[in-house]
Amino acid sequence: MADSGTSPTFRPTLVRRVLLVAGALMLTAGCSTASGGTDAAATPSPWPVAGRKLQKPETLLGLPSSSSRELTGVPESRLEDLKRQVGELTSAVAWAYGGETEDADAVLISGVSGTVADPAGAVSRALQPYRISDVRPVAAGPLGGEARCGRGRTEEGSHLTVCGWADPQTIGVVALVSSHPQGDLTSKFHQAREEMQRPPA
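Numbering (mature numbering (1 follows the signal peptide of the UniProt record, and there is no 0)), first residue to last: -34 to -1, 1 to 167.
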């Protein structure tokens, strides 16, 4: 169907799809099944931990930065909760990428750096608000720490994979939204996390 050209109907499916993720944050906080305790997937990091900070990449996973306030507002709405989980905040980032067409994939990121006293508990709390289930440990990748991922669907039926990490100095979440079935996105999560790391000064 041709686009009528009026702004209220611009990218309706994508905007509703991602905003439903945001709406689910407050309505389904109990749906996540992440648990505390020892995380077998936690790995030591070969990267220097001291002074880690996060950045907003110009592109992420090859996707362009979004200029849509509807999209960027979703991860921004999670940022204050993440900030409360760190001491001595040193950086904070929240943005969206992709979503330039009705059926395009979108990636939403949020993260903070500072002092993280309980990485295992922090990653569990970071994922709790999302509309996902079967949250389980995954390999943390070269940056180490604790990492978990879960899957779900938006109310409109789009596919959703959300991964979170926490290490002694950073906490972050990467949410990948697609209208198509999603395979194992652990490697994409690792790549996005690395792209969010600010290079050492």
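Glycine included, every Cβ here is placed at the ideal spot set by N, Cα and C.
In angstroms, rounded to a whole number, what distance separates the CA positions of residue i and residue j?
i, j, result
"Pro103", "Glu112", "8 Å"
"Gln94", "Ala86", "13 Å"
"Glu24", "Val82", "27 Å"
"Leu26", "Val73", "8 Å"
"Ser79", "Thr67", "32 Å"
"Leu20", "Arg159", "9 Å"
"Ala70", "Thr120", "15 Å"
"Arg114", "Val89", "7 Å"
"Asp47", "Thr56", "15 Å"
"residue 177", "Arg117", "Absent from the model: residue 177. The displayed extent of the chain is -34 to 167, so no value can be given."
"Tyr63", "Lys22", "10 Å"
"Gln135", "Leu29", "27 Å"
"residue 169", "Ser31", "Since the first residue shown for the chain is -34 and the last is 167, residue 169 is missing from the structure and cannot be characterised."
"Arg50", "Thr38", "20 Å"
"Leu126", "Leu45", "19 Å"
"Gly65", "Cys129", "19 Å"
"Val59", "Leu142", "16 Å"
"Ala132", "Gly77", "9 Å"
"Arg91", "Leu151", "21 Å"
"Gln163", "Val139", "13 Å"
"Asp100", "Arg18", "30 Å"
"Glu122", "Ser34", "20 Å"
"residue 177", "Pro41", "Because residue 177 is not part of the residues shown, which for the chain are -34 to 167, the question remains open."
"Gly53", "Ile137", "12 Å"
"Glu161", "Ala105", "17 Å"
"Gly149", "Ser43", "27 Å"
"Phe155", "Glu36", "23 Å"
In the DSSP assignment, what residue or residues form a beta bridge with residue i?
i, result
"Val140", "Ile75 and Cys129"
"residue 198", "Residue coverage of the chain in this structure runs from -34 to 167, which leaves residue 198 outside it and unanswerable."
"Ser114", "According to the sequence provided, residue 114 is Arg. The question's Ser does not apply to it. Partner(s): Pro103 and Gly130."
"Ala62", "Leu74"
"residue 195", "In the structure displayed, the chain extends from -34 to 167; residue 195 sits before or after that span and is not available."
"Leu20", "Gln163"
When you compare the CB of residue i with every CB in chain B, is at least one pair closer than 8 Å?
i, result
"Gln94", "The chain inventory of the structure shown lacks chain B, comprising one protein chain alone."
Taking only three categories from DSSP, how would you classify residue i?
i, result
"Glu121", "coil"
"Val101", "strand"
"Gln163", "strand"
"Gly80", "strand"
"Thr38", "helix"
"Gln148", "coil"
"Asp69", "coil"
"Gln94", "coil"
"Leu109", "coil"
"Gln157", "helix"
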